[in-house]
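In order, the protein sequences belong to chains A and B. Just so you know, the first sequence maps onto residues -6 to 340 in this note's numbering. Just so you know, the second sequence maps onto residues -9 to 318 in this note's numbering.
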Amino acid sequence: MSDVAGVPTALEPGHPRPDRPPPLVVTESLSKHFPVRPGVLRVASPFARAVDGVSIRVRYGETVGLVGESGCGKSTLGRLLVRLVEPTVGRIVFEGRDLTRWTEDALRPLRRRMQIVSQNPTSSLNPRMTVRDLVGEAIRIHKLARSRAQESDRIVKWVERVGMRPAVLDLHPHELSAGQAQRVAIARALSVEPKFVVCDEPTASLDVSVQAHILNLLVDLQETMGIAYLLISHDLVLVSRVSHRVAVMYRGRIVEQAFAKDLCLRPLHPYTKALVASAPQLDPGRIRARLPVARAMPSSALPPSGCGFYERCPRAAAGTCDRNVPILEEIPDGSGHEVACWFPAEG
Amino acid sequence: MADTALLRVRDLVTSVPTQQGATRVVDGVSFDVGRAATVALVGESGCGKTVTALSILRLVASPGGRIESGTVELDGVDLLRLTEREMRGVRGRAVAMVFQEPMTSLHPCHTVGWQVRESLTVHRRMSRGQARARAVELFDRVGLPEPSTIYATYPHRLSAGQRQRAMIAMALAGEPKLLVMDDPTSALDVNTQSQVLEYLGDLQESTSMSILLITHDLRIVAEHASDVVVMYAGRVVESASAPDLLARQRHPYTRGMMECVPRLGSLSHRRLLAIEGVAPVLDHVGPGCRFAERCPMRVDRCAQEEPELAAVGPGRWARCWRHDEVPS
Chain A
-6 MSDVAGVPTA LEPGHPRPDR PPPLVVTESL SKHFPVRPGV LRVASPFARA VDGVSIRVRY
54 GETVGLVGES GCGKSTLGRL LVRLVEPTVG RIVFEGRDLT RWTEDALRPL RRRMQIVSQN
114 PTSSLNPRMT VRDLVGEAIR IHKLARSRAQ ESDRIVKWVE RVGMRPAVLD LHPHELSAGQ
174 AQRVAIARAL SVEPKFVVCD EPTASLDVSV QAHILNLLVD LQETMGIAYL LISHDLVLVS
234 RVSHRVAVMY RGRIVEQAFA KDLCLRPLHP YTKALVASAP QLDPGRIRAR LPVARAMPSS
294 ALPPSGCGFY ERCPRAAAGT CDRNVPILEE IPDGSGHEVA CWFPAEG
Chain B
-9 MADTALLRVR DLVTSVPTQQ GATRVVDGVS FDVGRAATVA LVGESGCGKT VTALSILRLV
51 ASPGGRIESG TVELDGVDLL RLTEREMRGV RGRAVAMVFQ EPMTSLHPCH TVGWQVRESL
111 TVHRRMSRGQ ARARAVELFD RVGLPEPSTI YATYPHRLSA GQRQRAMIAM ALAGEPKLLV
171 MDDPTSALDV NTQSQVLEYL GDLQESTSMS ILLITHDLRI VAEHASDVVV MYAGRVVESA
231 SAPDLLARQR HPYTRGMMEC VPRLGSLSHR RLLAIEGVAP VLDHVGPGCR FAERCPMRVD
291 RCAQEEPELA AVGPGRWARC WRHDEVPS
């Protein structure tokens, strides 16, 4: 199950070698339950299980894609991993240290090693600050420069590194394009030289051509700095292009996890299968499968007694799937492919 | 074909004030929207696609914009020549718009049901009881679960996808001939968006409503549009039926956008293809093609002389000197 010192059994070409066997980030049965007011949506349970018993690993220098529909809990999981949200149950181990119960004060020096880049760059940047102040703030807080001159050099270096001209230094966020604002957010997060960055839909609000520039920038910086990313997105095609491994989340749980190519070519969970089949693509003639639509709202506030995908699942078997929660387990072929389903598709 | 089009936009020029004076952000745009057609207006941010849509509804005045010239004919009537009072009778009835950010377009202090009902009592002069029944029916039609529960719900309790469906229900309340949707993909995940567009596609079959879909996602175009108009820096650079355009592009910009779209087939390489450079600042456009600076196919002529939007085949147009040489 959750194997803390998990050594990958099969490596894709280009995948970072596990030089240091303990992974960078490990979670064990991590859960976050939010209290909900009973009301219009006929909420029966007082808690919404946004994240429900998630055990994942992110290795040094690796990109793990986290895919799921809106509301599946992927952003909450990302925020849990960098301790912006307190977990209800479970453990988070970062660089071998269990941070689950660390106080904010104790965490502060560690904040430099874990950063987050959020979806909407213009709303996450203080509108009154210039690009110089925005990038400089991170460097100042973590005391990464010894003098004003050194600080200034570092700011300029980072602005250039994320592909902008120093002319933008005196601009305010509203004077930047969405792509530039996201570059500033990346410069802020990466200038403190983190080991782990959660990228929450970093390109959702950007044009396709800008999206490609930003993702390529993240890959370049990863290769030079050895950063690990958790790349959160609803876009399976996009995520599987730029991630080493991909985890699929549904109603707060990871339902499948594998190397990117393996997951796309050989989805084993019926939900992943549906995601792959329904992913919009460019071929106009292709008959796209529709994702099974639940007319009843699949609300995380109504925890199912069995598999979360039961109501939408074409393979669901009464008596098993509606009663028992399937556990995420590796399939026995050495590929590292994990699936949580009572009746997974044949590989 | 052109005679039967529902909407005919010709030589539309719209300017917005900038520090340099009035800048033409929509510069001579022409296209048709056929009956029951879904026309995608595609391009990157700032290319003028939203201003084009707002110009059709004559809603550019509040950002300080001005429609300089051109015609926008709906069923043969030039909307640009109507009085403001007449125009008010068009908006929400013959032409309805779904804006980009549903949260800012819904009133936070009223239930979504109240808001749709109001639209029905104002535009369709229904009684309150009739309007309520119709609103619940519309919620069901756009795929909202438990429509009568949703009716009594305030916007902030709905998810982004539900809010957008509520907005669409409100737009459909007027039984428009033309539904304008501004970049629905940006607020929603791809699957939710496809579902919404599928519901609209089914609806089109029974009502022959036309849709003008503003988007930057070519995958949405591939799945839902019948025709495509590609804009770049205020100009239409290419237009064609969706299958023709996706099968072969006749403008290097369209070609570049196609290459940027990530595909499942090619998983070995972690980097994506991108179009180099950025779109020109519109108050300093030179005499040449506006895409020339970023174009991988540019020749000397491109910087000096801008090509016309020329017919390059049956039902397709391109604005490029080398439209025959765009690789497929």
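For every residue, glycine included, the Cβ atom is placed at its ideal position computed from N, Cα and C.
| query | result |
| --- | --- |
| What is the residue span of the beta strand (DSSP E) that Gln86 of chain B lies within? | Note on identity: in this sequence residue 86 of chain B is Ala, with Gln being the wrong assignment. Note, Ala86 of chain B: beta strand (DSSP E), Val85 to Val88. |
| Return the CA-CA distance between Ile134 of chain A and Ile148 of chain A, expressed in angstroms with no decimal places. | 13 Å |
| On the three-state DSSP scale, how would you describe Pro28 of chain A? | strand |
| Determine the direct distance from the alpha carbon of Ile247 of chain A to that of Arg124 of chain B, and round the result to whole angstroms. | 40 Å |
| Let me see if you follow: with CB-CB separation under 8 Å, is Cys257 of chain A close to chain B or not? | yes |
| In this structure, what does DSSP give as the bridge partners for Pro195 of chain A? | BP columns for Pro195 of chain A are empty, so no partner. |
| How many Å lie between Met290 of chain A and Ala142 of chain B at the Cα? | Residue placement at Met290 of chain A cannot be trusted, given a pLDDT of 44 that sits under 50; what the coordinates show is reported in the next sentence. Distance between the alpha carbons of Met290 of chain A and Ala142 of chain B: 16 Å. |
| Relative to the C-alpha of Pro15 of chain A, which candidate in A:Leu23, A:Ser48 and A:Gly89 has its C-alpha closest? | A:Gly89 |
| Can you look up Leu229 of chain A in the DSSP assignment and give me helix, strand or coil? | helix |
| Quick one: is Gln274 of chain A near chain B, going by C-beta distance under 8 Å? | yes |
| Secondary structure at Val342 of chain A, three-state DSSP: helix, strand or coil? | The structure shown does not extend to residue 342 of chain A, since chain A is modelled only from -6 to 340, so the question has no answer here. |
| For Thr182 of chain B, go through chain A and note every residue whose CB falls closer than 8 Å to its CB, in chain order. | Glu62 and Ser63 |
| For Arg121 of chain A, would you say it is in contact with chain B, using Cβ-to-Cβ distances shorter than 8 Å as the test? | no |
| Pick from B:Met221, B:Ala230, B:Val251 and B:Met287: whose alpha carbon is nearest that of Thr28 of chain B? | B:Ala230 |
| So, does the CB of Ala294 of chain A fall closer than 8 Å to a CB anywhere in chain B? | Unreliable placement is indicated for Ala294 of chain A, whose pLDDT of 46 sits below 50; the coordinate value is still reported in the next sentence. No, no contact with chain B. |
| Considering only residues of the same chain and omitting the five flanking positions on each side of Phe89 of chain B, which have a CB-CB separation below 8 Å? | Ser95, Met157 and Asp172 |
| For Ala287 of chain A, count neighbouring C-beta atoms within 10 Å of its own C-beta (all shown protein chains included) and say buried if the count is 16 or more, exposed if not. | Reliability of the predicted coordinates at Ala287 of chain A is poor, the pLDDT of 46 falling under 50, and the value obtained from them is presented with this limitation in mind. Result: exposed. |
| Which runs of the alpha helix (DSSP H), 4 residues or longer, sit entirely within the segment 29 to 53 of chain B? | 39 to 46 |
| Taking 8 Å as the CB-CB limit, is Val251 of chain B close to chain A? | yes |
| Contact criterion: CB-CB distance below 8 Å. Does Asp126 of chain A meet it with respect to chain B? | no |
| State the DSSP-derived secondary structure class of Ala182 of chain A, mapped to helix, strand or coil. | helix |
| Check whether the Cβ atoms of Arg14 of chain B and Leu262 of chain B sit closer than 8 Å, and answer yes or no. | no |
| Could you please tell me which residues of the segment 46 to 79 of chain B, in chain order, have their CB closer than 9 Å to any CB of chain A? | none |
| Counting contacts by CB-CB distance shorter than 8 Å, is Met290 of chain A in contact with chain B? | With a pLDDT of 44 at Met290 of chain A, under the threshold of 50, the modelled position of this residue cannot be trusted, and the question is left open. |
| According to DSSP, is Ile109 of chain A part of a helix, a strand, or is it coil? | strand |
| Can you tell me whether Thr115 of chain A sits near the ligand ADP, meaning its C-beta is under 7 Å from at least one heavy atom of the ligand? | Only the bare structure without any ligand can be found here, which leaves the ligand ADP out of the picture. |
| So which residues of chain B does Val384 of chain A contact, with C-beta pairs closer than 9 Å? | What is shown of chain A runs -6 to 340, which leaves residue 384 of chain A out entirely. |
| In angstroms with no decimal places, state the Cα-to-Cα distance between Ser318 of chain B and Val211 of chain B. | 18 Å |
| Could you give the residue range of the alpha helix (DSSP H) that holds Asp234 of chain B? | Ala232 to Ala237 |
| Decide if Ser293 of chain A is buried, meaning its Cβ has at least 16 other Cβ atoms within 10 Å, or exposed. | Low local confidence applies: a pLDDT of 47 at Ser293 of chain A is under 50, so the model's placement there is unreliable, with the coordinate-based value given in what follows. It is buried - the Cβ of Ser293 of chain A has at least 16 other Cβ atoms within 10 Å. |
| Examine chain A for any beta-carbon lying closer than 8 Å to the beta-carbon of Arg228 of chain B, and answer yes or no. | Checking the sequence, you will find Glu at residue 228 of chain B rather than Arg. Output row for Glu228 of chain B: interface = no. |
| Between B:Val50, B:Arg240, B:Glu296 and B:His97, which has its C-alpha nearest Val302 of chain B's C-alpha? | B:Arg240 |
| Output yes or no for whether 8 Å exceeds the beta carbon distance between Gly245 of chain A and Val44 of chain A. | yes |
| Would you decide whether Ala(-2) of chain A is buried or exposed? Buried here means 16 or more other CB atoms lie within 10 Å of its CB. | In this prediction, Ala(-2) of chain A has a pLDDT of 41, which is less than 50 and means its spatial position is unreliable; what the coordinates show is noted afterwards. Exposed, by the Cβ-count rule. |
| Within its chain, find whatever has a CB closer than 7 Å to the CB of Gln175 of chain A; leave out the 5 residues flanking it on each side and keep chain order. | Pro114, Pro195, Leu199 and Ile207 |
| Is any beta-carbon of chain B found at less than 8 Å from that of Ala309 of chain A? | no |
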